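This report concerns only the one structure given below.
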Amino acid sequence: MADHLPINLDDLLHQRRVEGERIEYKAGWNPDAIIRTLCAFANDFENLGGGYVVIGQDCDANGQPQFPPVGLAEEQLDKIQQELLATCQLIQPPYFPALSIERVAGRALMVLQAPGGMNRPYKAPASVTAKHKTWCYYIRRYSSTVEAKGDTERELLSLTASVPFDDRYAQQASVADLSKPLMLEYLREVGSALAEDAGNLSVEALGRQMNVAGGPAESPWPKNIGLLFFNETPERFFPYTRIEVVWFPEGAGGDRFDEKIFSGPLARMTREALGYIQRNYLHETVIKHPDRAEATRVWNFPYAAIEEALVNAVYHRAYEEREPIEVRISRDELVVLSVPGPDRSIRLADFAAGQAVSRRYRNRRIGEFLKELELTEGRSTGVPKILKAMAANGSPAPQFETDDDRLTCVVRLPVHPLAEMPVTEQVTPEVTQQVTQQVTQQVMPLLQVLAGEMSRSDLMMAMALRDRVNFSSLYLMPALEAGLIEMTLPDKPRSSKQRYRLTLLGERCLQASGEGKR
1216 MADHLPINLD
1226 DLLHQRRVEG
1236 ERIEYKAGWN
1246 PDAIIRTLCA
1256 FANDFENLGG
1266 GYVVIGQDCD
1276 ANGQPQFPPV
1286 GLAEEQLDKI
1296 QQELLATCQL
1306 IQPPYFPALS
1316 IERVAGRALM
1326 VLQAPGGMNR
1336 PYKAPASVTA
1346 KHKTWCYYIR
1356 RYSSTVEAKG
1366 DTERELLSLT
1376 ASVPFDDRYA
1386 QQASVADLSK
1396 PLMLEYLREV
1406 GSALAEDAGN
1416 LSVEALGRQM
1426 NVAGGPAESP
1436 WPKNIGLLFF
1446 NETPERFFPY
1456 TRIEVVWFPE
1466 GAGGDRFDEK
1476 IFSGPLARMT
1486 REALGYIQRN
1496 YLHETVIKHP
1506 DRAEATRVWN
1516 FPYAAIEEAL
1526 VNAVYHRAYE
1536 EREPIEVRIS
1546 RDELVVLSVP
1556 GPDRSIRLAD
1566 FAAGQAVSRR
1576 YRNRRIGEFL
1586 KELELTEGRS
1596 TGVPKILKAM
1606 AANGSPAPQF
1616 ETDDDRLTCV
1626 VRLPVHPLAE
1636 MPVTEQVTPE
1646 VTQQVTQQVT
1656 QQVMPLLQVL
1666 AGEMSRSDLM
1676 MAMALRDRVN
1686 FSSLYLMPAL
1696 EAGLIEMTLP
1706 DKPRSSKQRY
1716 RLTLLGERCL
1726 QASGEGKR
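Residue numbering for the sequence shown follows my numbering, starting at 1216 and increasing by one per position.
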């Protein structure tokens, strides 16, 4: 029986969260081309996380899917599945993708999810039907499947049984260590159809469908990626899996500092750390000019640059190392430090210049989940986004540093020279009057559209926003924490029936701004 995809089908078909090079469209059943592509995804030469083959979906000359799809005839589906099983048995060592039957515009598609294999390198016959078969190694080059030859073949062979840490089995844990509520929460957030059936599945069955658990039926194990995202305390299995935010009121060389530690599932930990930094350490300075109406507005540190730097650290950190991610903030700079440094395929000069493009990714699955949660965009976009965000704010250029042994990665974001630094001597969860005014101004667009009781999606629609992460970190959470709005179901913060309404304080803020009570 076919399973549901653990990601949103519409996003997959439109290449919104999965890069085009990880998707192959086939208008019909073509065993020779499909087995070669499955072999290439299994080899996962660049550690991107494998890919997807969509059968029944035609595309144009540029590789873009066309809608409505051509689809597969219903009477063909069983036959194709039988032939696919026999065809995949020809891959050496044996490799079988997960299969899902989906329907778009009333037409049937067969989607094959082909994650990076645990036993690479894999090889497949050049022709399935040839009497005397020739087996070859295949890899992905951009959006094409090609045979690995020469140096490329030798490099692939050097990866024998080399599986990235996040995709390995965690034999020190059990499948029971995976949290079903966290997995359900993730599936609902990314809009996966699997969320509808997940409640009836065991933790093991759900983990296997999401590819965060595996192994033999008699002895299943969770994967490291499963424990990092779907366990409440991943630090039990991977010590120092946390983000430490440290404020130095007297500078990095001073004797005083304030520290806040964030731990828990990777996505939650990252979002909470970003929200905390944004609420307590980011400040916009407005400079008025006597000769023109428009004022100059600058941030001490642009949020987009901090977000990219911190998410990149979470993405590329070595979780087998006992070192936390550190965010060190002073009046002069914000520094993100993580372990280890960039891959050795990146030249030091290119890294320092912000032109680093890695040939192989350290954590293929972490990147996959972060992209689904819209915390990162894709390959090699982090450094360019940091550069653009700093330039757009008028800030000095960021600095990217590592050492000769690539033991650490350091991203330095200098403070804007015109920015004021209003951070108090002791930053506490109870915001000061100054911070409250700042937060109120920041979330005023939310207060202005909030009428009666409204859901998260209603608020985002009213504000013409689409990014759930930015909406939550920029508006919803600051307004809740400042006491300007409240939940209708405070004991069930993640309920699908959750609504938000103004508090008395929120009403007063609206009145003070001239909006009045509604």
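Backbone N, C-alpha and C fix where the C-beta goes; we use that ideal spot for every residue, glycine too. For clarity, every value in this text was computed on a predicted model and none was experimentally measured.
Based on DSSP bridge pairs, tell me the residues matched to residue i.
| i | result |
| --- | --- |
| CYS1254 | For CYS1254, which the question treats as bridged, DSSP gives no partner whatsoever. |
| GLY1429 | TRP1436 |
| THR1360 | ARG1355 |
| TYR1240 | VAL1269 |
| ASP1366 | Bridge partners of ASP1366: none, in fact. |
| PRO1629 | GLU1548 |
| LEU1602 | None; LEU1602 has no bridge partner. |
| CYS1178 | Any property of residue 1178 remains undetermined from this structure, which presents the chain solely from 1216 to 1733. |
| LEU1314 | LEU1327 |
| ARG1813 | This structure cannot speak to residue 1813, because the chain is shown only from 1216 to 1733. |
| THR1511 | ILE1502 |
| PHE1260 | Answer is none; PHE1260 lacks a bridge partner. |
| TYR1401 | The partner list for TYR1401 (beta bridge, DSSP) is empty, contrary to what the question assumes. |
| CYS1724 | In DSSP, CYS1724 forms no bridge with anything. |
| LEU1393 | Note: LEU1393 sits in no beta bridge, so no partner. |
| LEU1287 | ALA1323 |
| GLN1307 | LYS1338 |
| TYR1518 | DSSP lists no partner for TYR1518. |
| VAL1384 | The sequence given here places Tyr at residue 1384; Val does not occur at that position. In the DSSP output, where bridge partners are listed per residue, TYR1384 has LYS1438. |
Using only the alpha-carbon positions, how far apart do residue i and residue j sit?
| i | j | result |
| --- | --- | --- |
| LEU1224 | ARG1579 | 20 Å |
| ARG1483 | GLU1587 | 14 Å |
| LEU1292 | VAL1626 | 51 Å |
| ASP1547 | LEU1489 | 19 Å |
| THR1703 | VAL1285 | 46 Å |
| TYR1576 | GLY1278 | 25 Å |
| GLU1289 | GLU1616 | 57 Å |
| PRO1280 | CYS1274 | 4 Å |
| GLU1411 | SER1478 | 29 Å |
| ASN1258 | LYS1338 | 9 Å |
| ASN1527 | ARG1355 | 24 Å |
| THR1718 | ASP1565 | 52 Å |
| PRO1555 | LEU1263 | 19 Å |
| GLU1523 | LYS1603 | 11 Å |
| LEU1300 | ARG1559 | 40 Å |
Alpha helix (DSSP H) containing residue i: first to last residue?
| i | result |
| --- | --- |
| PHE1584 | 1579-1587 |
| ILE1295 | 1292-1303 |
| GLN1281 | First-last for GLN1281: undefined, no H or E at that position. |
| LYS1348 | Neither: LYS1348 is in no alpha helix (DSSP H) and is coded neither H nor E. |
| ASP1412 | 1409-1413 |
| GLU1419 | 1418-1424 |
| ASP1225 | 1224-1228 |
By Cβ distance below 8 Å, which residues in the same chain neighbour residue i in space, the five residues on each side in sequence not counted?
| i | result |
| --- | --- |
| ASP1218 | ALA1313, LEU1314, SER1315, LEU1409, GLN1424 |
| TRP1436 | TYR1384, ALA1385, GLN1386, ALA1388, SER1389, VAL1390, ALA1428, GLY1429, GLY1430 |
| LEU1443 | ASP1381, PRO1449, PHE1453, THR1456, PRO1480, LEU1481, TYR1534, ILE1581 |
| LEU1287 | GLY1243, TRP1244, ILE1270, GLY1271, ILE1295, ARG1322, ALA1323, LEU1324, MET1325 |
| VAL1501 | ALA1510, THR1511, ARG1512 |
| PHE1686 | ARG1671, LEU1674, MET1675, MET1678, LEU1680 |
| LEU1227 | LEU1220, VAL1233, ILE1238, TYR1267, VAL1269, VAL1326 |
| GLU1589 | ARG1232, ASP1682, ARG1683, VAL1684 |
How is the beta strand (DSSP E) around residue i delimited, first residue to last?
| i | result |
| --- | --- |
| VAL1501 | 1499-1502 |
| LYS1338 | 1338-1340 |
| ILE1458 | 1458-1462 |
| THR1485 | Careful: THR1485 lies outside any beta strand (DSSP E), inside the alpha helix (DSSP H) at 1481-1496. |
| GLU1758 | Given that the chain is displayed from residue 1216 to residue 1733, the structure contains no residue 1758 and the question cannot be resolved. |
| PHE1615 | 1614-1616 |
Within its chain, find whatever has a CB closer than 6 Å to the CB of residue i; leave out the 5 residues flanking it on each side and keep chain order.
| i | result |
| --- | --- |
| PRO1340 | LEU1305, LYS1348, TRP1350 |
| SER1157 | No answer is possible for residue 1157: it lies beyond the span of the chain, which begins at 1216 and ends at 1733. |
| GLN1648 | Only weak support is given to the placement of GLN1648: the predicted model assigns it a pLDDT of 45, under 50, and the value that follows is read from those uncertain coordinates. Nothing listed; no residue qualifies. |
| GLN1656 | none |
Leaving out five residues on either side along the sequence, give the residues of the same chain with a beta carbon under 7 Å from the beta carbon of residue i.
| i | result |
| --- | --- |
| GLU1465 | ARG1471 |
| THR1302 | PRO1246, ILE1250, VAL1343 |
| GLU1400 | ARG1709 |
| TYR1530 | ASN1578, ILE1581, GLY1582, LEU1585, THR1591 |
| VAL1378 | MET1333 |
Kindly indicate if chain D contains any beta-carbon less than 9 Å away from that of residue i.
| i | result |
| --- | --- |
| ALA1568 | Of the protein chains in the structure, only one exists, and it is not chain D. |
Legend entry - Unbroken stretches of the beta strand (DSSP E), 3 residues or longer, contained in the segment 1532-1565: 1540-1544, 1548-1553
Inset, instruction - Taking only runs that begin and end inside the segment 1681-1714, name each unbroken beta strand (DSSP E) of 3 or more residues, in chain order. - result: 1700-1702
Inset, instruction - Could you tell me which uninterrupted alpha helix (DSSP H) segments, each at least 4 residues in length, are contained entirely in the segment 1652-1681, listed from first to last along the chain? - result: 1671-1677
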